[in-house]
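Numbering (the working numbering), first residue to last: 739 to 918.
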Ligand SMILES: [Zn+2]
């Protein structure tokens, strides 16, 4: 069993769909298929998926996963959405630095630092990561210069002014005007 996500291939943003919970109530019921376009209406109508029995073990679904999935589906509903594990929406392994994970326990990636946390310098990133219980897997990796590539990607985003970029169909138009 691997993690399962909803991914927007237009915005290159993905969100945790809830692991086995998503597999049971979305995949096995035929509401979504791996690597296939997602019908937002069908997913939003999947009653069992949205209403786990309220126990302590469903806490992570109620407090984290389901609200973030709903927000994601609403924000990207007119975009191209795919369901599956990362191999189903990343064009290649090297591709992941172009993406941003949001929602439940997101993998910390350059776009997240810039677009969500508003960081401006790599020092901010480093001190933020030093405070995390678990570091993103690429942080300590010298293999394939991943750490350096992430740092370059971060700088590229800062230099291109991507910090203020809005994704989603409901971006504030006033915001867009003020940018042009
Ligand atoms: Zn999108």
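Quick reminder that beta carbons are idealized off the backbone N, C-alpha and C, glycines included.
The region 808 to 818 and the region 774 to 794 touch, with three or more beta-carbon pairs separated by less than 8 angstroms. The Cβ-Cβ distance between residue 879 and residue 866 does not fall below 8 angstroms. DSSP, read as helix, strand or coil, puts residue 854 in helix. Here residue 839 is buried. Its C-beta has 16 or more other C-beta atoms within 10 Å. Remark: fewer than three beta-carbon pairs, one from each stretch, lie closer than 8 angstroms, so the region 743 to 750 and the region 795 to 802 are not flagged as touching. Non-local C-beta neighbours of residue 885 in its own chain, meaning closer than 7 angstroms and more than five positions away in sequence, comprise 876, 877, 879, ordered along the chain. Annotated three-state conformation of residue 808 is helix, per DSSP.
Of all C-beta pairs linking the region 885 to 898 to the region 836 to 852, three or more are shorter than 8 angstroms, placing the two stretches in contact. DSSP, read as helix, strand or coil, puts residue 745 in strand. Inclusion of residue 826 and residue 772 in the CB contact set at 8 angstroms is warranted, their separation being smaller than that value.
In this structure, DSSP gives residue 863 a helical state, which the three-state scheme calls helix. Only residues of its own chain outside the window of five on either side were considered, and among them 744, 746, 751, 753, 840, 841 have a CB closer than 8 angstroms to the CB of residue 810, listed in chain order.
For the pair residue 835 and residue 898, the Cα-to-Cα distance works out to about 16 angstroms. DSSP, reduced to helix, strand and coil, places residue 842 outside both helices and strands of the structure shown, so it counts as coil.
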